[in-house]
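Reminder that position 168 of the sequence shown reads as 394 in our numbering, one-by-one numbering, no gaps.
All residues carry an ideal CB built from backbone N, CA and C; glycine is no exception.
Quick caveat, the model's predicted, so the values are computed rather than measured.
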Amino acid sequence: MNRFIFELTNHPKDFSVRLKLLFACGLLALMTGIVGSLAIWALSSSNYSFQAMVDQDVPSIIYLEQAERDMLEAQVPERSLMFMKMGTPESNAMIREHQENIRQVEEGWEKYKSLSTSENEKKLWNPFEVAWRDWKKSSNEVLKVLSEDTPSARRDAIDIAMGESAVKFVAARDLLDKVTEHQILEAKIQAQRGRTQASIFLAWVIGIVIAAFFLALLFSLLLARSISIPLGKVATTLHRVAEGDLTVTLDIGASKPVVK
227 MNRFIFELTN HPKDFSVRLK LLFACGLLAL MTGIVGSLAI WALSSSNYSF QAMVDQDVPS
287 IIYLEQAERD MLEAQVPERS LMFMKMGTPE SNAMIREHQE NIRQVEEGWE KYKSLSTSEN
347 EKKLWNPFEV AWRDWKKSSN EVLKVLSEDT PSARRDAIDI AMGESAVKFV AARDLLDKVT
407 EHQILEAKIQ AQRGRTQASI FLAWVIGIVI AAFFLALLFS LLLARSISIP LGKVATTLHR
467 VAEGDLTVTL DIGASKPVVK
């Protein structure tokens, strides 16, 4: 490439106008392709980071927060049934609500697990699942005791709910909070990584565009010089011929017309 430019600059007669134009157009097309490819690559990389947040991080956080809300809502029927007569339509509706909330917690947790790929998060899965099963067992035990619908059974259910069940609920919720906090941190890291990549890509694209601009300007000047000099010589020769000087001949490679 450097040799071609040197020859084009110092020995323009060795190249036809057509070849010079083809070279200039090809060079501009090459620079355009490089800039376009870099821009596409940068856009794809930034889009990947953004898509990861949209498809993974944000839905994971939503599922975890919904699971925590469902846990809290599952505790409400457990406590409310202590003050309701069992076997009534209202108490039966409360029992169904309790089971539905538990089902929703487990469904949301499984949806979250299907999206999360972080090894650090996976280390928290088993502790939460163990704590969750312990609370679910004690919560169902409260409902089972309440189903006897006797004053002594109601007192036993209150003791379980306010003691063992409450402790297990707090333990499970705290572990779920840790998982949620970790997922939020992962989302922030992913967002920061995307912003950093976007800044780097933008700097690269701007640099390449500026370099391409000056290269295009340089080669345009070289091309104009390599074409205008021979044309100037032709114009000078034709002018002298028009004045009646038929002894002049044209040598494109010479610095001025040759007189014979």
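Roughly how far, in whole angstroms, is the beta-carbon of I434 from the beta-carbon of V261, given that I think they are within contact range, below 8 Å? 5 Å
Among the residues of its own chain, which have a CB less than 6 Å from the CB of Q282, if the five just before and after it don't count? L341
Using three-state DSSP, classify T422 as helix, strand or coil. helix
Distance between V396 and Q301 (C-alpha atoms, nearest Å): 11 Å
When W335, A417, E291 and I321 are compared against R359, the one with the closest alpha-carbon: W335
Mind checking whether L402 and L290 have CB atoms under 8 Å apart? yes
Taking the alpha helix (DSSP H) that E316 belongs to, which residues open and close that run? P315 to L341
For S364 and E390, the rounded distance between their alpha carbons: 7 Å
Do you know offhand how far L475's Cα is from L449's? The sequence given here has Thr at residue 475, not Leu. Roughly 25 Å separates the two Cα atoms.
So does the stretch 413-426 actually touch the stretch 300-318, counting three or more Cβ pairs closer than 8 Å? no
For a test of the three-state rule: what should DSSP assign to T376, helix, strand or coil? coil
Check each candidate in A387, F354 and W430 and name the one with the smallest Cα separation from T406. F354
If you reduce the DSSP assignment to three classes, tell me which class T406 lands in. helix
Buried or exposed (CB count within 10 angstroms, at least 16 for buried), P303: buried
State the Cα-Cα distance for the pair T462 and L472, rounded to the nearest angstrom. 13 Å
When the Cα atoms are used, what is the spatial distance from N366 to S373? 11 Å
First through last residue of the alpha helix (DSSP H) which encompasses D296: V284 to S306
Measuring only the C-alpha atoms, how far is E412 from A319? 39 Å
Going along the chain, which residues of its own chain have a beta-carbon closer than 7 Å to the beta-carbon of L264, five neighbours each way excluded? W430, V431 and I434
CA-to-CA distance, L443 to F232, given in whole angstroms: Residue placement at F232 cannot be trusted, given a pLDDT of 48 that sits under 50; what the coordinates show is reported in the next sentence. Each residue's Cα considered, the two are about 17 Å apart.
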